[in-house]
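Line by line, the protein sequences give chains A and B. Under numbering that gives the first Met the number 0, read the first sequence as residues 0 to 171, first letter to last. Under numbering that gives the first Met the number 0, read the second sequence as residues 0 to 171, first letter to last.
Number of protein chains: 2
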Amino acid sequence: MTKKSADPADTTVPAARQVPMRDFSRSLPMSLLRAREAVMRQFRPSLREHGLTEQQWRILRALASIEAVEVTELARTAFLLGPSLSRILRDLEARDLIERRTAKADQRRSMVSISKEGLKLMAAVAPTSEAIYAEITRRFGASKLAELQEMLGELEQSLAGLGSADDTLADG
Amino acid sequence: MTKKSADPADTTVPAARQVPMRDFSRSLPMSLLRAREAVMRQFRPSLREHGLTEQQWRILRALASIEAVEVTELARTAFLLGPSLSRILRDLEARDLIERRTAKADQRRSMVSISKEGLKLMAAVAPTSEAIYAEITRRFGASKLAELQEMLGELEQSLAGLGSADDTLADG
DNA sequence: CGCATTCACTTAACATGTTAAGTATCTCGC
DNA sequence: GCGAGATACTTAACATGTTAAGTGAATGCG
Chain A
0 MTKKSADPAD
10 TTVPAARQVP
20 MRDFSRSLPM
30 SLLRAREAVM
40 RQFRPSLREH
50 GLTEQQWRIL
60 RALASIEAVE
70 VTELARTAFL
80 LGPSLSRILR
90 DLEARDLIER
100 RTAKADQRRS
110 MVSISKEGLK
120 LMAAVAPTSE
130 AIYAEITRRF
140 GASKLAELQE
150 MLGELEQSLA
160 GLGSADDTLA
170 DG
Chain B
0 MTKKSADPAD
10 TTVPAARQVP
20 MRDFSRSLPM
30 SLLRAREAVM
40 RQFRPSLREH
50 GLTEQQWRIL
60 RALASIEAVE
70 VTELARTAFL
80 LGPSLSRILR
90 DLEARDLIER
100 RTAKADQRRS
110 MVSISKEGLK
120 LMAAVAPTSE
130 AIYAEITRRF
140 GASKLAELQE
150 MLGELEQSLA
160 GLGSADDTLA
170 DG
């Protein structure tokens, strides 16, 4: 732990230390991953008590503020890929937390909405969830939190359209 | 795509709009998730070309700077859970990218190190990876990037020891 | 020593991420 | 109105995340 072992005079090195790269643990992806994990660790226990995973909760929340959405738009909102969403919707429907009906105008489209059961579950989870979020805000600082979110948004913007030319998740 | 289809005249509202919560898409977990995805989207194609996943790459990078580590410490460094690491090490070993030997002092421990093949692969991937990182830094701004990482670290610190009392991943 | 406990790791089971292929429906040009 | 292409989703296949249980080896205590 306290042993750096990055000693230039270390002659016992079998193979390593030959590929020059940034310190791995300080890379941006790792920072983001660790930060997000630190945050989600706070929420998971509460969600778990209600039999919900993080993604299922995202979907319910996305549905709570609207009447009904197509699957594709829901995927964009909840930031899930189609296949993941497809599976989760199947399960949520089996649990009667959501409802699905085929759009009249376009038989390909499936309109998804939250059910009465789903709303009841949300009402049960929301207070705890909000309390946790409030505690995180208190610990980190509200203004700092806002600033962080601002920077995260800017980072996203910086990289928009850099990757694949056909970024499906891009905001039309 | 350009069709919103959120018809206000749809009087068939089933249930929604009854659970008061923050705007879902502006929650901290979502911001972190989107930001990280925006970043990783840049790296994945290059890694994929070399037959590596993001996690495999994390492991190789973690191994490149040391001689050998126990699996448990590697898990902490690469920020992977034991079971995931166990599987990935099995695969990387089958591909001769890493080597494993049981510790003499403690037969339970398994010492992992990167192989010559692994180093060769890293040497092949590193340039592109560094170039991508440089481009991200250029786009977002070096000082802003440093500031962001600083804030992410603080966020982590804020939440350390809030979740489970026995946070195994805590830095000793 | 004997044995319960702890430890390091693996396996198992289920859920999601990710890419590719499949299916049904729609659109459009002709 | 028909057939090629686009669209909206689903299924499939493989890899990882996550939790729980299993296995073998070390520790500690009587």
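Glycine residues also receive a C-beta, built at the ideal position from the N, C-alpha and C atoms.
Residues of its chain near residue i, where Cβ-Cβ distance is below 8 angstroms and the 5 sequence neighbours each way are ignored
i: Pro126/B; result: none
i: Met39/B; result: Glu53
i: Arg107/B; result: none
i: Ser85/B; result: Val70
i: Glu149/B; result: none
i: Gln41/A; result: Ile131, Glu134, Ile135
i: Ser45/B; result: Val124, Thr127, Ser128, Ile131
i: Ala102/A; result: Glu69, Arg108, Ser109, Met110
i: Ser142/A; result: none
i: Arg43/A; result: Glu53
Endpoints, beta strand (DSSP E) assigned at residue i
i: Thr101/B; result: 97-101
i: Ser157/A; result: Element bounds for Ser157/A: not the beta strand (DSSP E) but the alpha helix (DSSP H), 141-158.
i: Met110/A; result: 109-113
Nearest-angstrom Cβ-Cβ length linking residue i and residue j, presumed shorter than 8 angstroms
i: Ile113/B; j: Leu62/B; result: 4 angstroms
i: Leu91/B; j: Ile58/B; result: 7 angstroms
i: Leu144/A; j: Thr136/A; result: 6 angstroms
i: Leu154/B; j: Phe23/A; result: Not really, about 20 angstroms apart at Cβ, beyond 8 angstroms.
i: Leu31/B; j: Leu31/A; result: 6 angstroms
Closest Cα partner of residue i within the set the options
i: Leu96/B; options: His49/B, Arg108/B, Glu72/B, Leu151/B; result: His49/B
i: Leu118/A; options: Gln156/A, Arg60/A, Leu88/A, Val68/A; result: Arg60/A
i: Arg21/A; options: Ser26/B, Ser64/B, Arg25/B; result: Ser64/B
i: Gln55/B; options: Leu151/B, Val124/B, Leu32/B, Glu69/B; result: Val124/B
i: Ser26/B; options: Leu151/A, Ser157/A, Leu158/A, Ala159/A; result: Leu151/A
i: Ala159/B; options: Ser142/A, Leu158/A, Glu134/A; result: Glu134/A
i: Met29/B; options: Ser45/A, Met29/A, Arg35/A, Ala104/A; result: Arg35/A
i: Leu51/A; options: Leu32/A, Met121/A, Ala67/A; result: Met121/A
i: Gln156/A; options: Leu31/B, Ala67/B, Ala37/B; result: Ala37/B
i: Arg94/B; options: Glu116/B, Lys103/B, Pro82/B, Ala102/B; result: Glu116/B
i: Glu98/A; options: Ser142/A, Arg33/A, Ala67/A; result: Ala67/A
The alpha helix (DSSP H) enclosing residue i, as first and last residue numbers
i: Ser85/B; result: 81-93
i: Ala77/B; result: 70-77
Close-in-space but distant-in-sequence residues of the same chain around residue i (CB under 7 angstroms, 5 per side omitted)
i: Arg100/B; result: Met110
i: Thr71/A; result: none
i: Ile87/A; result: Gln54, Gln55, Ile58
i: Asp9/B; result: At Asp9/B the pLDDT is 39, less than 50, meaning the model places this residue with poor confidence; the figure from the coordinates comes in the next sentence. If we look at Asp9/B and ignore the five residues flanking it on each side, it has no Cβ neighbours.
i: Ala5/B; result: With a pLDDT of only 38 at Ala5/B, under the threshold of 50, the placement of this residue in the model should not be trusted; the figure read from the coordinates follows. Excluding sequence neighbours, Ala5/B sits near nothing in its chain.
i: Gln104/B; result: Reading off the sequence shown, one finds Ala at residue 104/B, where the question assumed Gln. Excluding residues within five positions, none has a Cβ falling inside 7 angstroms.
Cutoff 6 angstroms; reference residue i; Cβ partners in own chain excluding five residues on either side
i: Ser128/A; result: none
i: Thr76/A; result: Ala61
i: Arg47/A; result: none
Scan the stretch 27-65 of chain A and note each continuous alpha helix (DSSP H) run of 4 residues or more that stays entirely inside, going in chain order. 27-48, 53-63
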